[in-house]
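Take a look at the structure below.
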Amino acid sequence: MTETTPESTLISRSAELFYRPGKLILTFFEHLGRYMSTIGWMIYNFRNAKEYSGNILQQMVMIGNNSIPIVLFVSMFVGMVTAVQSSYQLYAWIPRSVVGALVTKSVLLELTPLLTALVLAGKVGATITAELGTMRVTEQIDALEALAFDPISFLITPRVLAGVLMFPILVVFGDLVAILGGMFGASAIAGIPVEAFVDGMKSSFETWDAIFGIIKATVFGFIITSVSCYQGFQVQGGSEGVGKATMNTVVLACLSVVVMDFILASVLL
Amino acid sequence: MIQLTNIWKKFGDKQVHNGVNLEVRDNETLVIIGRSGGGKSVLLKMIIGLIKPDSGSIVVDGKDVASLTYKQLQRLRFKFGFLFQGAALFDSMTVGQNIELALRRHGDYKDADITERVKFALHLVKLENVEHLMPSSISGGMKKRVGLARAIALTPKYMLYDEPTTGLDVETADGINLLINELKTTLGVTSIVVTHDIHSAFVVGDRFAIFEKGQFIMTGTKDDIRNSPNPEVRKYIESDIQT
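Line by line, the protein sequences give chains A and B.
Here our numbering is used: the first residue of the first sequence is 1480, the next is one more, and so on.
Here our numbering is used: the first residue of the second sequence is 569, the next is one more, and so on.
Have a look at this one:
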């Protein structure tokens, strides 16, 4: 029998202290490696994408068209809230037209791309993971491979491509509606004349702001769709595994989006 | 011919295969019998390269599966039809689309030929006019038949059946067993059937392999199995007598 001494207990506790963080770090890098490998395979076999053009169009409808109502709804209220709060905070200090400038800048640079991405991380990301995860646990992905299909080219590439193409379009629509919402909020709630709002908007508008928002949307589209596809492919177990992967997708996609938001702002602005 | 030599596989801490050896001869139906969750299905997936063994070799028609490039592996998969345990039909596609998917991707067929081949595959599994139905609206037995039709659409040389009768009532299971026998006669396929149902095994099999604790403890004909004194083998025979 092994004798328990104070020294051995201390060593055992120290080992435990390092074991969990160590395992977490290893798991993180294991997943990062697999994710990168999946993305690498997708890019390497990108030429196969044309064979699955039907899938790409189907996914563009699912990711793009079906998300238009929620994106417009969120953007409208974001614009209105930004206008009302800007007006409330700055009312006594600055000319009223500044509210128009502030809303336009905030919406184009940050609010619409970020909030659209966070909303779609939940809607699109969760849908993709649940769909692919269910295909994994019901052996549909194995069946595709058994039929000599490349499941990454067949399932992941169309979704990621659709995300990269449709997110910027959604953000452009979102920008327009958010500015209109801001105009409405400013005039109806804060009593700022539409002319003053438009003057502020015109004086502050820079094309680069809109382009920057579109670049962000493209990157967010890639992150959300690729993370959700990867999570779906990694599902193990049954419905519990699908639920866990779906939750992981939403959390990981949201975290990745806010981190990338900061990186892009630091690099490009 | 398919030859598995000294296959070892571990999932996490669980050793699933301990030096598995098996030979599948051309034009025979070999039935692998063993308890659920023992690693029988994994063997089928290893044969078509869906899962890689930790060590050992799998040779199909003289080609070592592990040494094939991805393209070569895909070409090898054309030789196989695989009926999955739950049929694994693509639930976003109709029955017809499930069957024609591989034909459109891999075959050089015109639309009319594809329609004919889909009808023929469905005819072979005793189904008519179901092309437009979604998988969610058909019964478990029909799903297996559609899965079978999808598997044979490209006229494979080998058929792999993963628990073909699990979850089906006796009558439907007997129907599937008869289909397996008919497909062997009609298409001349070499088949591997994985099951824990000894009754079905004896209906479809030419040769039998008993899989226990990560190894094949016995291979032989129906009579060899029935007359075996090995208690691990006898428990399957007795379960058949009881049912």
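Beta carbons are placed, not taken as given, at the ideal position from N, Cα and C, and that holds for glycine.
For residue j and residue i, the rounded distance between their alpha carbons
i, j, result
"residue 1680(A)", "residue 1582(A)", "8 Å"
"residue 1630(A)", "residue 1623(A)", "6 Å"
"residue 1588(A)", "residue 1709(A)", "29 Å"
"residue 570(B)", "residue 669(B)", "27 Å"
"residue 783(B)", "residue 628(B)", "20 Å"
"residue 579(B)", "residue 609(B)", "14 Å"
"residue 1666(A)", "residue 1673(A)", "6 Å"
"residue 1492(A)", "residue 1500(A)", "13 Å"
"residue 1591(A)", "residue 697(B)", "50 Å"
"residue 748(B)", "residue 773(B)", "10 Å"
"residue 1742(A)", "residue 1671(A)", "35 Å"
"residue 806(B)", "residue 796(B)", "12 Å"
"residue 794(B)", "residue 1612(A)", "43 Å"
"residue 809(B)", "residue 675(B)", "At residue 809(B), the pLDDT of 49 sits below 50, so the modelled position is not reliable; the number obtained from the coordinates is stated separately. Each residue's alpha carbon lies about 46 Å from the other."
"residue 811(B)", "residue 767(B)", "Legend: pLDDT at residue 811(B) = 46, less than 50; position of this residue unreliable, no value from coordinates given."
"residue 682(B)", "residue 1604(A)", "35 Å"
"residue 1731(A)", "residue 1635(A)", "18 Å"
"residue 1508(A)", "residue 1514(A)", "10 Å"
"residue 729(B)", "residue 1502(A)", "39 Å"
"residue 603(B)", "residue 802(B)", "13 Å"
"residue 647(B)", "residue 613(B)", "14 Å"
"residue 756(B)", "residue 689(B)", "15 Å"
"residue 1550(A)", "residue 1516(A)", "32 Å"
"residue 1683(A)", "residue 1557(A)", "19 Å"
"residue 870(B)", "residue 1601(A)", "This structure gives no information on residue 870(B), because the portion of chain B shown stretches from 569 to 811."
"residue 1651(A)", "residue 1579(A)", "18 Å"
"residue 1459(A)", "residue 1669(A)", "Residue 1459(A) lies beyond the residue range present for chain A, which begins at 1480 and ends at 1748; the question has no answer from this structure."
"residue 1498(A)", "residue 611(B)", "34 Å"
Residues bridged to residue i (per DSSP)
i, result
"residue 576(B)", "586(B) and 623(B)"
"residue 632(B)", "627(B)"
"residue 650(B)", "728(B)"
"residue 780(B)", "783(B)"
"residue 591(B)", "571(B)"
"residue 794(B)", "None, per the DSSP bridge assignment."
"residue 1661(A)", "According to DSSP, which records beta bridges pairwise, residue 1661(A) is partnered with nothing at all."
"residue 788(B)", "776(B)"
Residue j beta carbon less than 7 Å from that of residue i
i, j, result
"residue 1554(A)", "residue 1657(A)", "yes"
"residue 588(B)", "residue 600(B)", "no"
"residue 763(B)", "residue 731(B)", "yes"
"residue 1699(A)", "residue 1609(A)", "no"
"residue 1546(A)", "residue 1644(A)", "no"
"residue 618(B)", "residue 1621(A)", "yes"
"residue 1637(A)", "residue 1715(A)", "no"
"residue 724(B)", "residue 649(B)", "yes"
"residue 787(B)", "residue 765(B)", "no"
"residue 712(B)", "residue 667(B)", "no"
"residue 1707(A)", "residue 1728(A)", "yes"
"residue 781(B)", "residue 597(B)", "no"
"residue 1747(A)", "residue 1691(A)", "yes"
"residue 623(B)", "residue 573(B)", "no"
"residue 1660(A)", "residue 1559(A)", "yes"
"residue 1647(A)", "residue 1693(A)", "yes"
"residue 692(B)", "residue 709(B)", "no"
"residue 1531(A)", "residue 1628(A)", "no"
"residue 680(B)", "residue 1618(A)", "no"
"residue 1740(A)", "residue 1593(A)", "yes"
"residue 641(B)", "residue 719(B)", "no"
"residue 577(B)", "residue 621(B)", "yes"
Range of the contiguous beta strand (DSSP E) that encloses residue i
i, result
"residue 1670(A)", "Counting along the chain, residue 1670(A) falls outside any beta strand (DSSP E), and DSSP gives it neither H nor E."
"residue 1522(A)", "No beta strand (DSSP E) holds residue 1522(A); the alpha helix (DSSP H) holding it covers 1485–1523."
"residue 1753(A)", "A question about residue 1753(A) goes unanswered here, because the residues of chain A that appear run from 1480 up to 1748."
"residue 758(B)", "758–763"
Where the alpha helix (DSSP H) containing residue i begins and where it ends
i, result
"residue 597(B)", "Premise fails: residue 597(B) lies in the beta strand (DSSP E), 597–602, not in any alpha helix (DSSP H)."
"residue 1560(A)", "1547–1569"
"residue 1632(A)", "Where residue 1632(A) is concerned, there is no enclosing alpha helix (DSSP H), given that its DSSP letter is neither H nor E."
"residue 642(B)", "638–645"
"residue 1597(A)", "1591–1599"
"residue 1719(A)", "1718–1747"
"residue 1584(A)", "1576–1585"
"residue 1527(A)", "Run containing residue 1527(A): none; DSSP gives neither H nor E here."
"residue 743(B)", "738–755"
"residue 1534(A)", "1532–1542"
"residue 613(B)", "608–615"
Runs of beta strand (DSSP E) wholly within the region 652–736 of chain B (minimum 3 residues, chain order): Under the rule that a run must span 3 or more residues, the beta strand (DSSP E) segments found entirely inside the region 652–736 of chain B read 726–730.
Restricting to runs no shorter than 4 residues, where is the alpha helix (DSSP H) found entirely within the region 1672–1696 of chain A? Entirely contained in the region 1672–1696 of chain A, the alpha helix (DSSP H) runs reaching 4 residues are, in chain order, 1673–1683.
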